[in-house]
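Structure record follows, encoded as structure tokens.
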Amino acid sequence: MMDLRFLGKHRALAVAGGAVAVPLACWGGFTIVSHAVFHRSNFSTASEILFRLKSNRKRLADPLAFDNYLLKCAEQNERPQDMPEILAMKTSVESVDMAGTQTFLLNRRDRNDRAVIYLYGGSLLHGPTSYHWKFADGIARRTRAEIFMPMYPLAPVHNHAEAHAAVEAVYREVADEYGARNITLTGDGAGAGLAASFAQRIQSLGLEQPCHLILISPWVDITLGNPLVDEYEANDPLLASYGLRKAGMLWSRGIDPTDPLVSPINGEVRELRNVMVFAGTRELLYPDAKLFFDRVAATGIHAEFHEGRGLNHSFPLYPTPEATRAIEAIVGAVTED
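In the working numbering, the protein residues as written are 1 to 337.
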């Protein structure tokens with residue numbers, strides 16, 4: 001007769017095995033979907049799920065929600081910015097006034113030999129998030145660079161002219177201290193668009209181009225007039241064209257929205273230097289980011305395009321394996337002698 005104790009142990013092992021097999025099978029299926037369908041890591045797939053649950057896309061897509069969001073931004077943006085206290089920054093951070101613009105300095109020390117001016121994104125409407133801070137901190141930790149984060153004026157109260165004036169003032173001070181050839185100008189999203197349009201003006205201002213221009217998911221056409229935008233928007237969990245176009249109209253007050261001051265895709269690119277562009281294939285800004293890069297590359301200027309296959313807006317800012325590789329490329333450019 002079969003030993004009941006043996007049978008009990010056998011059943012317990014079967015249950016335990018099933019308990020392990022089910023999550024393993026789920027994880028295996030998740031991995032297949034991530035790699036075979038989206039061509040990305042599991043972490044990036046999980047990130048997109050989180051984005052869809054928690055992102056501000058609804059605020060950009062719904063007219064009533066967007067109007068309420070504008071009112072909130074109009075009030076918040078007029079206050080001095082603070083770094084979130086919960087962040088465990090690895091480098092020093094201090095807030096200073098640079099020609100009337102609140103600017104955060106990261107990694108200031110006696111042996112800095114280069115600088116990064118970082119223009120954070122935020123749809124032209126809000127200040128830096130924890131992801132922006134951690135990105136800046138990560139670049140600072142891996143380089144000998146001092147990071148300058150100017151809190152440039154934002155819509156809906158302010159417009160492009162005020163932001164350009166603020167960035168110019170900061171750039172002049174940093175160039176006086178470090179020399180333009182030791183500066184990397186970078187930004188993500190709306191900040192990348194501002195960086196690109198400012199770089200197009202540099203020669204006319206009597207200044208020298210930075211050593212590198214690094215654009216992460218750049219918003220280079222404020223009108224989003226590219227017919228491919230709607231196609232890419234269908235897969236974008238973070239951005240919505242309705243709110244972006246409205247913000248763009250506020251930002252471009254006083255000039256034609258196709259003017260290179262706000263839509264650098266229409267500007268002169270021959271004077272730019274060492275341009276690096278990152279864009280994910282699941283973001284609505286991808287078509288214009290690629291088009292901008294193609295225009296730059298066609299001039300013969302040294303340019304690199306880093307396509308985030310299956311990735312979302314500003315993918316180098318998020319904690320994924322793909323972001324790690326992107327950061328390595330950015331650090332390599334910043335530290336290049």
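Note that beta-carbon positions come from the ideal geometry of N, C-alpha and C, so glycine has one too.
If you're wondering where the values come from, they're calculated on a predicted model, not measured in any experiment.
Problem - Contact between the stretch 207-217 and the stretch 139-153 (3+ Cβ pairs under 8 Å) - result: no
Handout entry: Neighbourhood of residue 144 by C-beta, 8 Å cutoff - its chain only, sequence neighbours within 5 removed
Key = 111, 112, 113, 114 and 335
Problem - residue 242 versus residue 118 - alpha carbon distance - result: Distance between the alpha carbons of residue 242 and residue 118: 26 Å.
Handout entry: Neighbourhood of residue 74 by C-beta, 6 Å cutoff - its chain only, sequence neighbours within 5 removed
Key = 156 and 157
Handout entry: residue 46 versus residue 194 - alpha carbon distance
Key = Between the C-alpha atoms of residue 46 and residue 194 there is a straight-line separation of about 30 Å.
Practice task
Answer yes or no: do residue 121 and residue 190 have a C-beta to C-beta separation smaller than 8 Å?
Solution key: yes
Exercise for the section: Drop a sphere of 10 angstroms on the beta-carbon of residue 205, count the other beta-carbons inside from all chains shown, and report buried for 16 or more, exposed for fewer. Expected result: exposed
Practice task
Using beta-carbon positions only, say whether residue 56 and residue 154 come within less than 8 Å of one another.
Solution key: No, they are not a contact pair.
Handout entry: Among 52, 63, 125 and 130, nearest to residue 85 - alpha-carbon criterion
Key = 130
Exercise for the section: Closer than 8 Å by C-beta to residue 226: which residues in its own chain qualify, once you throw out the five before and the five after it? Chain order, please. Expected result: 287, 288 and 291
Practice task
State the start and end residues of the unbroken beta strand (DSSP E) segment that holds residue 321.
Solution key: Per DSSP, residue 321 belongs to no beta strand (DSSP E); it is in the alpha helix (DSSP H), 321-334.
Problem - As assigned by DSSP and simplified to three states, the class of residue 21 - result: The predicted model places residue 21 with a pLDDT of 48, which falls under 50 and marks its position as unreliable, so this point remains unresolved.
Handout entry: Best match in 330, 192 and 180 for proximity to residue 164 [C-alpha to C-alpha]
Key = 192
Exercise for the section: Alpha carbon to alpha carbon, how far is residue 29 from residue 48? Give it in angstroms, no decimals. Expected result: 17 Å
Handout entry: Validate contact between the stretch 241-261 and the stretch 296-316 using beta carbons, cut 8 Å, 3 pairs
Key = no
Exercise for the section: Name the two residues that bound the continuous alpha helix (DSSP H) containing residue 249. Expected result: 241-251
Exercise for the section: Output the boundary residues of the alpha helix (DSSP H) element that contains residue 164. Expected result: 160-178
Problem - Contact under 8 Å by Cβ, residue 170 with residue 101 - result: yes
Practice task
Below 8 Å on the Cβ atoms is my guess for residue 311 versus residue 229; work out the distance and round it to an integer in Å.
Solution key: Their Cβ separation, rounded to whole angstroms, is 17 Å, which puts residue 311 and residue 229 out of contact at 8 Å.
Practice task
Starting from residue 117, follow its DSSP beta bridges and name the residues at the other end.
Solution key: 148 and 185
Problem - Cβ neighbours of residue 296 in the same chain (closer than 7 Å, five flanking residues each side left out) - result: Apart from sequence neighbours up to five positions away, the residues of its chain that approach residue 296 with a beta-carbon distance below 7 Å are 269, 272, 275 and 303, ordered along the chain.
Handout entry: Through-space distance from residue 31 to residue 21, alpha-carbon basis
Key = Residue placement at residue 21 is flagged as unreliable, the pLDDT there being 48, under the threshold of 50; the coordinate-derived value follows with that caveat. In a straight line, the C-alpha of residue 21 is about 15 Å away from that of residue 31.
Exercise for the section: Run the CB neighbour count on residue 264, radius 10 Å, all protein chains shown included, and call it buried at 16 or more, exposed below. Expected result: Buried, since its Cβ has 16 or more Cβ neighbours within 10 Å.
Problem - Alpha-carbon to alpha-carbon, residue 103 and residue 58 - result: 30 Å
Problem - Cutoff 7 Å; reference residue 188; Cβ partners in own chain excluding five residues on either side - result: 120, 121, 216, 217, 314 and 317
Practice task
Using DSSP bridges, identify the partner residues of residue 97.
Solution key: Answer is 102, bridged to residue 97.
Exercise for the section: Can you have a look at residue 166 and say buried or exposed, based on whether 16 or more other CB atoms are within 10 angstroms of its CB? Expected result: buried
Practice task
Would you mind working out which of 93, 261 and 240 sits nearest residue 63, comparing C-alpha positions?
Solution key: 240
Practice task
Within 10 angstroms of the Cβ of residue 92, are there 16 or more other Cβ atoms? Answer buried if so, exposed if not.
Solution key: exposed
Practice task
Using beta-carbon positions only, say whether residue 135 and residue 321 come within less than 8 Å of one another.
Solution key: no
Problem - Given residue 256 as reference, the closest of 159, 326, 183 and 196 once Cα atoms are compared - result: 159
Practice task
Determine the extent of the alpha helix (DSSP H) in which residue 75 is found, giving its start and end residues.
Solution key: 63-76
Practice task
Note the first and the last residue of the continuous alpha helix (DSSP H) segment covering residue 297.
Solution key: 286-298
Problem - Backbone CA spacing between residue 95 and residue 105 [nearest angstrom] - result: If I take the Cα positions, the gap works out to 6 Å.
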